[in-house]
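So the structure is just underneath, and the comments pick up after that.
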Amino acid sequence: VKVAFTTSGTTLDSPMDPRFGRAAGYIIYDMDTDTVEAVDNRQVLNSAHGAGIQAAEAIVRFGAKSVVTGHCGPNAHRALSAAGVRIYTTQAPTVAEALEAYRAGALATLNSADVDGHWS
Amino acid sequence: MIISVASGKGGTGKTTVSVNLARTIGAGVQLLDCDVEEPNAHLFLKGREIGSDIVTIPIPTVDESLCDGCGECGRLCRYHAIVSFGSAPLVFPDLCHGCGGCALVCPRGAIRETGKRIGVVETRDADGITLIQGRLDIGVAMAPPLIRAVKSRLNREKTAILDAPPGTSCPVIATVRGSDFVVLVTEPTPFGLHDLGLAIEMIREIAVPFGVVVNRMGAGDDRVHRFCRDEGVPILLEIPDDRRIAEAYSRGELMVDALPDYTDHFATLMWNIRDFRNSGGK
């Protein structure tokens, strides 16, 4: 199973990025093989509209079934939910700590958008 | 003749120039307020409403019983307004530009278009001046289709003045495209000069003849004039930085009504535009 974390860096030690659609990038973590893949999201980050939807499409393309992030806007939430991707929120400062919390089952699922579009 | 009044910087006096030019030309002229996010020409050209039409854009509706989730619609849409994850697509109406492409590419005919309201076009008569203004609904971000709806009501037999939104982006281009002449209103300040430069680049790109009106002369410096001289851009009119103009404006009065000594300014502007066009811009 693959889990996507929103981050401003490229490694497990990198800080979490609290934004979903406009995160600097993603770390796709494969729970079965303990391997890490870094995805650059800067092109989407700078688009005028539809960042959340494009990011959701990317998450689906990379095969992640869950997303761990800080916040999620309405369009992104709708797209991720339609694609069957679960959304978890965390305040963990780094990807490694967010991953640990995810493994421990300590993260809350986000059942609706918790911010407006273009919130950050 | 279609004359657009535009600017890079906001607040330089587009509406002032538009409404006073319209009044100077007089009965029979059309004034189109294309600043549909905040139309304000009606504050100066009061009159009675003679019509109001709702404007819609086509957005896709998906018949899920026909859709096989192929995703062609989502791959086509560059605005990500329709997206499929192997099942019936999701539609995001706020992102849709109404091009209809998704319905065209759908191999199963599962997408049809329905109208989504974006605003209204109101027509007013103000002492013989026909004022046509678009008013975008609150929360709608799609100005160009409404601007095109405003312009579709234009009678080409008569002179039309188009009051453009500020800036240099899509709504401005939707307004000035197809005009015979563009009046760029600026002010002699560093901001005015900077944004005038951007506006001139944009107008040159769409190849419409243009000239400059410098408003609030005396308020800044002479860099706008030097720039226009160096670039070979004609200055059609200068409006002084006169406190009485601002006072009349704040009361919703036309400059040419409240301060008759300015009537000649706008007659001159119209002459200069005609002269410039007749001489082929030489």
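Protein chains in written order, with the numbering used here: chain A, -9 to 110; chain B, 55 to 336.
By construction, the Cβ of each residue, glycine as well, lies at the ideal position given by its N, Cα and C atoms.
Quick caveat: nothing in here was measured; it's all calculated off a predicted structure.
query: Mind checking if N65(A) is an interface residue toward chain B, Cβ cutoff 8 Å exclusive?; result: yes
query: By DSSP's criteria, P114(B) is part of a beta bridge. Which residues make up the other side?; result: E167(B)
query: Quick check on L158(B) - is its C-beta less than 8 Å from some C-beta in chain A?; result: no
query: Under 8 Å, Cβ to Cβ, is there at least one residue of chain C near G40(A)?; result: Among the protein chains of the structure shown, namely A and B, there is no chain C.
query: Quick check on this structure: which residue in L99(B), S72(B) and G123(B) has the alpha carbon closest to the alpha carbon of R305(B)?; result: L99(B)
query: Quick check on the DSSP output: what are the complete beta strand (DSSP E) runs of length 3 or more inside the stretch 16 to 55 of chain A, in order along the chain?; result: 25 to 30
query: Can you check which of these residues, C131(B), S58(B), E167(B) and T66(B), is closest to P294(B) by C-alpha distance?; result: T66(B)
query: Identify every residue that forms a DSSP beta bridge with T177(B).; result: G105(B) and I186(B)
query: Would you check if there are 3 or more beta carbon pairs closer than 8 Å linking the stretch 107 to 123 of chain B to the stretch 164 to 175 of chain B?; result: yes
query: For a minimum of 4 consecutive residues, which ranges assigned as the alpha helix (DSSP H) are wholly contained in the stretch 194 to 237 of chain B?; result: 197 to 205 and 224 to 230
query: Whole-angstrom Cβ separation of M309(B) and I79(B), contact assumed at under 8 Å?; result: At roughly 14 Å, the Cβ-Cβ gap does not stay under 8 Å, so M309(B) and I79(B) are not in contact.
query: Given a cut-off of 8 Å, decide if T(-3)(A) and M6(A) are closer than it, judged by their beta-carbon atoms.; result: yes
query: What does V137(B) touch in chain A if you count any residue whose Cβ is under 7 Å from its own?; result: I43, E47 and A69
query: Please report the residue range of the beta strand (DSSP E) in which V268(B) lies.; result: F264 to M271
query: Who are D87(B)'s beta bridge partners in DSSP?; result: Q187(B) and D217(B)
query: How far does the beta strand (DSSP E) with P294(B) in it reach, from first residue to last?; result: I289 to P294
query: On a Cα-Cα basis, can you pick out the residue from G128(B), D87(B), Q84(B) and R166(B) that is closest to I113(B)?; result: R166(B)
query: Name the chain B residues that come within less than 9 Å of V29(A), Cβ to Cβ?; result: Those do not exist, as V29(A) stays about 17 Å from chain B at its closest Cβ, beyond 9 Å.
query: Tell me which residues share the same chain as S56(A) and place their Cβ nearer than 6 Å to its Cβ, disregarding the 5 neighbours each side in the sequence.; result: V(-7) and R76
query: Quick check on DSSP: helix, strand or coil for M6(A)?; result: strand
query: Against chain B, does A13(A) count as a neighbour if the rule is that its beta carbon must be under 8 Å from one of theirs?; result: no
query: Less than 8 Å separating the beta-carbons of R189(B) and V266(B)?; result: no
query: Measuring alpha carbon to alpha carbon, tell me which of K170(B), V71(B), G82(B) and M55(B) ends up nearest T317(B).; result: V71(B)
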